[in-house]
Ligand SMILES: [Zn+2]
């Protein structure tokens, strides 16, 4: 068994995001891209504002925030994301969705083998 490097994992994540975008489209949603890569400085600031964590997977290029729209309306709750999140998690054991977090983060899709970090 070969061990996947972080760089390889980042590429697997990026390919998954491409599929995620296409899946959203096929479910009838329009998307815009939110934050993908985040600097450690930004993550620290976010944490100080209570809107993120200092160990965010965005820092490691293993998370992305996707904005969904239906009939021109920006979706801010679980509509669409719940279904899309289930599809995302079907890609593999380490595919995580922010809809499962204690503090729900519906538009957040990530790849995490430890299942702890967001
Ligand atoms: Zn996020």
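In this note's numbering, the protein residues as written are 252 to 369. C-beta: ideal position from N, C-alpha, C; glycine also.
So, using beta-carbon positions, are residue 317 and residue 275 closer together than 9 Å? yes
key: Selection from 351, 256 and 292 that minimises the alpha carbon distance to residue 334   = 351
Below 8 Å, is the gap between the Cβ of residue 277 and the nearest heavy atom of ligand 1? no
**Report entry** For residue 265, the nearest candidate out of 311, 298 and 277 (CA to CA)
**Finding:** Distance check between residue 265 and each of 311, 298 and 277 places 311 closest, using alpha-carbon atoms only.
Margin query: Just verifying my parser: in three-state terms, what is the DSSP assignment at residue 319?
Written below: strand
Would you please state the rounded distance, in angstroms, between the beta carbons of residue 332 and residue 319? I believe it to be under 8 Å. 6 Å
| request: Run the CB neighbour count on residue 337, radius 10 Å, all protein chains shown included, and call it buried at 16 or more, exposed below. | output: exposed
Use the C-beta contact count for residue 258: other C-beta atoms within 10 angstroms, 16 or more gives buried, fewer gives exposed. By the 10 Å Cβ count, residue 258 comes out exposed.
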